[in-house]
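Take 3 as the starting number for the sequence shown in the working numbering and just add one per residue. Just so it is clear, CB atoms sit at the ideal spot from N, CA and C, and this is done for glycine as well.
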Amino acid sequence: MTAAAPAAAPHEVIEVGAEDLPVFCPGPKAPLWSMHPRVFLDVAHTGSARCAYCGAEYKLKPGTVLHSHH
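Here's what the structure looks like:
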């Protein structure tokens, strides 16, 4: 009999505000062991984005007001 594989841990959800834009992963507070190539994520248009490397999800904080750059 084989043991069942443990369930995958849920991916981290990180709330960001307008002051955190542009959003990139890994973020400045990420531990050294979790480093991967930096990717910039566009949360301004959809309200959320997921990192293709680690699966972390970045979401805009509720009520975040984005300022347009005209």
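A check of alpha carbon separations from M37 across C53, A20 and L62 identifies C53 as the nearest. Within the same chain, P24, V25 and F26 come within 8 Å of F42 by CB-CB distance, once the 5 residues on both sides are set aside. Taking C-beta separations shorter than 7 Å and ignoring five residues to either side along the sequence, the partners of V15 in its chain run E59 and K61, following chain order. Contact between K63 and G19 holds, since their C-beta atoms are separated by about 5 Å, short of 8 Å. Here A32 is actually not in contact with L68; their C-beta atoms are around 24 Å apart, not less than 8 Å.
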